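Numbering (numbering that gives the first Met the number 0) for the sequence shown: 0 to 253.
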Amino acid sequence: MKLRRIKRILSGLLATSLIFVAASCGGSDNDTSDDSATDAAVETSAADADAEKDSSGDQPQVVLKLNSVKSSSDKMYGKWEAFCDRITEASEGTVKVEIYPSETLGKTTDMIEAISKGAAVLQDCDTTHLADYVPDYSVFMHPYLIQEPSQIETLWKSDLGQDLEEQLEAQGLHVVTIVYFGTRNLISNAPVESREDTVNMKIRCASTKMWNEVAKVLGGNPTNTPWSETYNALSQGVADAAESPYSLLYSAKL
């Protein structure tokens, strides 16, 4: 399958802010979902966190699960491994983080919901997923707003960023850290030279409100297949195009 990248006018859709989301101390009182997968994630992670002991048998060991959208071949995966090792070292072995690549535990949206209920899980995601809880969190991902990586951290540490964090914690979520993950790129099965070429194009994007709106602004029809199924979606005509940072495109062999 030969995929063509569009010109730079559209290829740098925006800077990507990648975050780790964890449960906050409070939790949300606004839950109305009865999704069984989410409930199962909460029960399983809670059991893991409570049951494990270290080798001495005296000190309880907390086991956190990091559900990552990235595959183990992704360049960012090594950074997640280093992150987990540092957590274990800093906690003197009382906290262990296990990585589950390629959304092994479940879809990102489902896992974030589980986290908001108190699951002992970490999830890496872009901030459009948080915008589903606090709409203004999408400011980190607005097309062409971020001009250089340093602005992401500046915005996050600003009064606005701290206000958004407080609103998010009220929903049971906490941002552990935020990092730059490159610019978004659009790949397609047909040449794209202008917006006219994306009209009616089926564009695979994450199932968040903002990404769906971006696809619509380009004149396309958003298609929310899981990232792990993107190659097949493009091969079988379920999607005509897909957007993502270079790292994910490379590791998915797109």
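Each residue gets a CB set at the ideal place from its N, CA and C atoms; glycine is no exception. Please read all numbers here as calculations on a predicted model, not as lab measurements.
Tyr-132 counts as buried, since no fewer than 16 other beta carbons sit within 10 angstroms of its beta carbon. With respect to the 7 Å criterion, Ile-202 and Pro-225 are not classified as neighbours on the basis of their beta carbons.
Assigned with DSSP and collapsed to three states, Ala-130 falls in helix. Nearest in C-alpha terms to Gln-166, of all of Thr-229, Val-61, Ser-115, Ala-241, is Ser-115. For Gly-171, the closest alpha carbon among the candidates Glu-97, Met-209, Ile-111 is that of Ile-111. Ser-206 is not a Cβ neighbour of Asp-239, given a cutoff of 7 Å.
Among the bridge pairs identified by DSSP, Ile-98 is matched with Leu-65.
Judged by pairs of C-beta atoms under 8 Å, the region 70 to 87 touches the region 242 to 249, as three or more such pairs exist.
Put simply, the region 59 to 66 touches the region 85 to 100. At least three CB pairs are less than 8 Å apart. By the neighbour-count criterion, in which 16 or more other beta carbons inside 10 Å mark a residue as buried, Gln-122 falls on the buried side. Assigned with DSSP and collapsed to three states, Tyr-179 falls in strand. In this structure, the CA atom of Glu-147 is about 9 Å from the CA atom of Tyr-179.
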